[in-house]
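Report on the structure given below.
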Amino acid sequence: MKNDRRMIAYIIYIIFGAVLMVLGMLEVVDSFWSGMGGALIAVGVIRLVQYFRFHHDETYREKMEIETKDERNRFIQNKAWAWAGYLFVLTAAVCTIAFKLLGQDLLSMASAFAICFMMLAYWICWMVLRRKY
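Just so we're aligned, residue 6 is where the sequence shown starts under this note's numbering, counting upward by one.
See below:
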């Protein structure tokens, strides 16, 4: 049942993307939404191909199950998320200072708020995980 829902979601991505592309071609929406439609179509098609390949190719299914359930791979994934978080905060901090020096107060404030949001999300996740483990 869960797999059927995924397939339906991928088909909805494709349909929604096609609607956005058509609306963009008719100039009802701007090119941003048209591009978003193209991206949704691409994601939907790629995920559908992966879905069918997973259900019809036994060796691919075994490979994917090992990749998703292997303890080493999970450790690497978690480490990569941690590094990405650190790099995001550091990059946003540098951008906050650089934008302020360039007189771009709105962009500086947006970068600072992004850091605050990230730190708040980290703190909430830490509190939840601390109670769980």
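Think of the CB as a built atom: it goes at the ideal place given N, C-alpha and C, for glycine as much as any other residue.
Next item on the list: Assign residue 29 to buried or exposed, taking buried as 16 or more other Cβ atoms, counted over all protein chains shown, within 10 Å of its Cβ.
Entry: On the sequence shown, residue 29 is found 24 positions in, with the first residue counted as 1. Under this definition residue 29 is a buried residue.
Next item on the list: State the start and end residues of the unbroken alpha helix (DSSP H) segment that holds residue 32.
Entry: Walking along the sequence shown from the start, residue 32 turns up at place 27. That residue, residue 32, is in no alpha helix (DSSP H); it is neither H nor E in DSSP.
Note to self: Can you tell me whether residue 40 is helix, strand or coil according to DSSP?
What the structure shows: In the sequence shown, residue 40 corresponds to position 35, counting from 1. Three-state result, residue 40: helix.
Check: Got a sec? Which residues, its chain only, sit under 7 Å from residue 93 by beta carbon, not counting five neighbours each side?
Finding: As a working note, residue 93 is residue 88 in the sequence shown. Only 123 meet the Cβ criterion.
Note to self: I'd like the list of long-range same chain contacts for residue 117, defined as Cβ closer than 7 Å, with 5 residues on each side in sequence excluded.
What the structure shows: To locate residue 117, count along the sequence shown from 1; it is residue 112. 101, listed in sequence order.
Next item on the list: Whole angstroms is fine: what's the gap from residue 96's alpha carbon to residue 64's?
Entry: In the sequence shown, residue 96 corresponds to position 91, counting from 1. In the sequence shown, residue 64 corresponds to position 59, counting from 1. Cα to Cα, the separation comes out at about 41 Å.
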